[in-house]
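Counting in my numbering, the sequence shown runs from 2 upward without gaps.
Backbone N, C-alpha and C define an ideal beta-carbon position, used for all residues, glycine too.
Below is one structure; the comments refer to it alone.
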Amino acid sequence: MSSVALDVSRFAQARQRRGLLALSLFGAAFAAAFLLAVGYGAVAIGPGQSLAILAAQIGVELPWPFTAQQEAVLLAIRLPRALIGVLVGAALAISGAALQGLFRNPLADPALIGVSTGAALAAAAVIVLGGSLVMVTAVVPLSLLLPLAAFCGGLATTLIVYHIASRDGRTDVAIMLLAGVAMNAITAAGVGLMVFMSDDQQLRDLNFWLLGSLGGATWDSLGAGAPFLVIGALALLLFARPLNALLLGESEAGHLGFRVERTKRAIVVLAALVTGAAVALTGVISFVGLVVPHVVRLLAGPDHRLLLPCCMMFGATLLLIADLFARTVVLPAELPISILMACIGGPFFIWLLLRRRRGGGW
């Protein structure tokens, strides 16, 4: 075997070991965060008890006794909340990683193309104008109309941005980013108008929605949003190879046999789908799609075949830990998750800009 072939083989083996290590680390962190999320709170439930309660639902007995109260709290309150946190965190993280790979821009995230603010505007309109939507609420309950409006608002905003950036069957990424900035400004102004028009109760509802929270998690809301999040996130995993090719440039990806325009359309629509569904479930939660891909790249590398699944695990872990702090740090009140995420994402964003200014690259 030649020295070049030997070096290539060693490099491949080292990359494989690094990938397995990264998957193991993120998987272990996710499992620990999930057990903490379902076990920690006013009613203490140990990790063994949590496992025993979950195993009992499928007829398996484990050697950790638990009370009826612990079982009721875990199954009715904490488990749906944790599962929504897992799905939303994973969806926001993988959509952020996919958009960063598509735009070849480390500052891209779902909010950049207007998904989050478009969903927030639609939800704010339902909250403030819901009383005048008598004909609609007579057919669709307000509890279902709110997440449905948020999902449709995010998707509509994305389609507008995509239409502006598309011409003759091709999509200009730079124009798409600029159109996203413009749509963010327009929808933010619309949200401001809804805030101005709201009364005291509506203003409290708006603040809860715009700042993000898992506090409204139920099995019904989980059942309504989970199909969009799961299908969209799993579909994004299928674009790992095209995203790797796009890192070389659009022309190079086309020469490698990938359909670049179809890939761009699919990734943008899927990112809008999962982000709109996430906002519909929990309100606006910022910075997950920006911070998580960068942290994962430091450990797992830029290969999207490994990056995307690791982002899903770390995004779920980060949101579970943030929610744990949100509901315990200021008891008996609950801190909005976006405040905690902004405390993490804001300094991280500034660090990226300073690193770029010093010529360190992305």
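From residue i to residue j, what distance separates their C-alpha atoms?
i: Ala246; j: Ala151; result: 33 Å
i: Gly102; j: Ala254; result: 12 Å
i: Phe349; j: Leu248; result: 23 Å
i: Ala234; j: Phe197; result: 36 Å
i: Met119; j: Gly154; result: For the sequence presented, residue 119 should be read as Gly rather than Met. Using only the alpha carbons, I get a separation of about 5 Å.
i: Ala189; j: Leu122; result: 7 Å
i: Gly97; j: Val269; result: 11 Å
i: Gly47; j: Ala124; result: 37 Å
i: Ser117; j: Arg105; result: 20 Å
i: Gly258; j: Leu309; result: 22 Å
i: Gly316; j: Gly60; result: 31 Å
i: Leu52; j: Gln202; result: 40 Å
i: Ala334; j: Gly181; result: 35 Å
i: Leu244; j: Leu237; result: 10 Å
i: Ala166; j: Ile176; result: 5 Å
i: Gly302; j: Cys311; result: 10 Å
i: Leu239; j: Ala69; result: 43 Å
i: Leu204; j: Ile340; result: 18 Å
i: Ala112; j: Thr318; result: 20 Å
i: Glu62; j: Leu75; result: 17 Å
i: Arg356; j: Leu55; result: 46 Å
i: Leu223; j: Phe31; result: 19 Å
i: Val297; j: Gly115; result: 24 Å
i: Gly28; j: Gln17; result: 16 Å
i: Leu156; j: Ala279; result: 12 Å
i: Ile95; j: Leu274; result: 12 Å
i: Leu179; j: Leu84; result: 35 Å
i: Ala267; j: Ala34; result: 32 Å
i: Gln50; j: Ala327; result: 23 Å
i: Met184; j: Val162; result: 7 Å
i: Arg79; j: His295; result: 29 Å
i: His256; j: Trp210; result: 45 Å
i: Ala73; j: Leu332; result: 21 Å
i: Gly193; j: Glu251; result: 38 Å
i: Trp352; j: Leu108; result: 12 Å
i: Thr283; j: Arg82; result: 10 Å
i: Ala57; j: Met314; result: 26 Å
i: Pro64; j: Ala45; result: 18 Å
i: His164; j: Arg260; result: 19 Å
i: Thr159; j: Arg19; result: 36 Å
i: Pro337; j: Val174; result: 33 Å
i: Leu354; j: Ala227; result: 35 Å
Determine which residues share a DSSP beta bridge with residue i and list them.
i: Arg168; result: Arg171
With DSSP run on the structure shown, which of helix, strand or coil describes residue i?
i: Pro348; result: helix
i: Glu72; result: helix
i: Asn106; result: coil
i: Val285; result: coil
i: Ile59; result: coil
i: Asp324; result: helix
i: Phe67; result: coil
i: Tyr163; result: helix
i: Pro81; result: helix
i: Val331; result: coil
i: Ile46; result: coil
i: Leu1; result: For residue 1 there is no data in the structure shown, the boundaries of the chain being 2 and 363.
i: Leu146; result: helix
i: Pro294; result: helix
i: Gly115; result: coil
i: Gly28; result: helix
i: Leu88; result: helix
i: Gly302; result: coil
i: Leu336; result: coil
Below 8 Å on the Cβ atoms is my guess for residue i versus residue j; work out the distance and round it to an integer in Å.
i: Leu300; j: Leu21; result: About 12 Å separates the two Cβ atoms, so there is no contact after all.
i: Leu147; j: Val129; result: Leu147 to Val129, Cβ: 12 Å. No contact.
i: Ala241; j: Arg306; result: 4 Å
i: Thr219; j: Gly42; result: Contact doesn't hold; Cβ gap of about 17 Å is too wide.
i: Leu230; j: Val89; result: 7 Å
i: Leu212; j: Met195; result: About 15 Å; that fails the 8 Å criterion.
i: Val289; j: Met342; result: 6 Å
i: Leu325; j: Leu24; result: Contact flag wrong, Cβ pair sits at about 23 Å.
i: Ile345; j: Leu93; result: Not a contact, Cβ separation roughly 13 Å.
i: Gly131; j: Leu215; result: Their Cβ separation, rounded to whole angstroms, is 22 Å, which puts Gly131 and Leu215 out of contact at 8 Å.
i: Leu100; j: Ala272; result: 6 Å
i: Asp110; j: Leu291; result: 4 Å
i: Arg171; j: Glu262; result: 6 Å
Taking 8 Å as the threshold (beta carbon to beta carbon), is residue i in contact with chain D?
i: Thr68; result: No chain D appears in this structure, which consists of one protein chain only.
Worksheet entry | Start-end ranges of the alpha helix (DSSP H) lying completely within the region 186–269, minimum 4 residues | Listed in chain order, they are 201–212, 220–238, 241–247 and 251–256.
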